[in-house]
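Novice:
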Amino acid sequence: MSSSSPLLEKLVSELSKLPGIGRKSAMRLSFYFLKQSKSEVEELARTLIEVKEKVRECEICFNFTESSPCSICLSKRRNRSIICVVEEPTDLMAIERSGEYKGLYHVIGGVISPLDGISPEDLHIKELFERLDSVEEVIIATNPSIEGETTTLYLQREMKQRNIKVSRIARGIPMGSALEHADQVTLVRAFEGRVEL
Ligand SMILES: [Zn+2]
0 MSSSSPLLEK LVSELSKLPG IGRKSAMRLS FYFLKQSKSE VEELARTLIE VKEKVRECEI
60 CFNFTESSPC SICLSKRRNR SIICVVEEPT DLMAIERSGE YKGLYHVIGG VISPLDGISP
120 EDLHIKELFE RLDSVEEVII ATNPSIEGET TTLYLQREMK QRNIKVSRIA RGIPMGSALE
180 HADQVTLVRA FEGRVEL
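Numbering that gives the first Met the number 0 puts the first residue of the sequence shown at 0, with every later residue one more than the last.
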C-alpha cells in the first residue's frame, strides 16, 4: 500500500491484528469500509464499542451475556441435570445453533496444556465442580486436539470421583478410548452434525 494515507495504513495494520486476518484481507476490508456509507461504518463502530461495554461473562457458565446469569442458565426449559463442557463461548454458540442440545453449559475458557503452563487452576474448572449438586451427567465437548484430550481425561477422572456420568461428543474422527462410554451413542447422534460447523 502506498503511504499516501497514513490513516488507511493504520486501519490495515489494526485489522491485520485480528485472528485469521492477514495483510491482504486487511486491505480488502479497509477498501470495503471506504466504499461503505458513513452511517454503515458508524453502526459497526458503535456496535464494537457497545459489545465491549455491555457483554461480559455469565457468573455461572462463563458464556458471554449482557445480563448475568445468562438466559440459558436462567431458562426453565433447559434440562438442568446435564452440563455440556466447552472450551470457548464460540463452541457453545455452535452447539446452540443446531438446536439439538437442551441441557446447560459450562465454558472452561481454554484447555489444559502443561507445555503452555495452563493447568486446571487457570481454567473455570473449579467453578464447574461447584455447580454439580443436581447434575447427573457432564458431556465433554472439547476440540479434538492433544490438549482437548488431556482436558477430557482430567475431567473424566474428576467426574468419576464425584460419581457423575461423563460422556463426550464424537466428531467423526477416531477419538480413542474416550468413545468407550456406552451411553454416548445418543449424544454422538445429537452432536455429530453440528460440531463440524
Ligand atoms: Zn450462564
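Cβ coordinates follow ideal geometry from the N, Cα and C atoms, glycine included.
(1) Are Thr150 and Glu99 closer than 9 Å when you measure CB to CB?
(2) Please state the DSSP three-state secondary structure of Glu56.
(3) State yes or no: is the C-beta of Pro68 nearer than 8 Å to some heavy atom of ligand 1?
(4) Sort Lys9, Glu58 and Leu7 by Cα distance to His123 and report the nearest one.
(5) Just tell me which of Gly116, Val165 and Asp121 has its CA closest to the CA of Ile107.
(6) Could you pull the start and end residues of the beta strand (DSSP E) that Cys72 belongs to?
(7) Taking the CB atoms as reference points, tell me whether Tyr104 and Asn62 lie closer together than 9 Å.
(8) Give me, in chain order, the residues of the same chain whose beta-carbon lies closer than 6 Å to that of Lys37; leave out the 5 immediate sequence neighbours on both sides.
(9) Taking only the alpha-carbon atoms, compute the straight-line gap between Glu146 and Pro18 and give it to the nearest angstrom.
(10) Closest by CA to Asn162, which one among Cys72, Leu131 and Pro88?
(11) Does the Cβ-Cβ distance between Ser166 and Val137 come in under 9 Å?
(12) Between Val225 and Met26, which are expected to be in contact by the criterion C-beta below 8 Å, what is the C-beta distance as a whole number of angstroms?
(13) Residue range of the beta strand (DSSP E) that Lys125 falls in?
(14) Can you give me the start and stop residues for the alpha helix (DSSP H) that Lys101 sits inside?
(15) Closer than 8 Å to a non-hydrogen atom of ligand 1 - does that hold for the CB of Asn62?
(16) Using the beta-carbon count (16 or more within 10 Å), is Val184 buried or exposed?
(17) Does the beta-carbon distance from Cys60 to Cys72 come in below 9 Å?
(18) Just how far apart, CA to CA, sit Ile117 and Ile168?
(19) Which one or two residues does DSSP pair with Thr89 in a beta bridge?
Specialist: For this structure:
(1) no
(2) strand
(3) yes
(4) Glu58
(5) Asp121
(6) Cys72 -> not in any beta strand (DSSP E); alpha helix (DSSP H) instead, spanning Ser70 to Leu73.
(7) yes
(8) none
(9) 20 Å
(10) Leu131
(11) yes
(12) Summary: the structure shown does not reach residue 225, with the chain confined to residues 0 through 196, and so no result is reported for it.
(13) Counting along the chain, Lys125 falls outside any beta strand (DSSP E), though it belongs to the alpha helix (DSSP H) covering Ile124 to Phe128.
(14) Where Lys101 is concerned, there is no enclosing alpha helix (DSSP H), given that its DSSP letter is neither H nor E.
(15) yes
(16) Low confidence applies here, because Val184 scores a pLDDT of 47, under 50, leaving its location unreliable; read the following figure in that light. Classification of Val184: exposed, given that the 10 Å Cβ count is below 16.
(17) yes
(18) 23 Å
(19) DSSP output for Thr89 lists no bridge partner at all.
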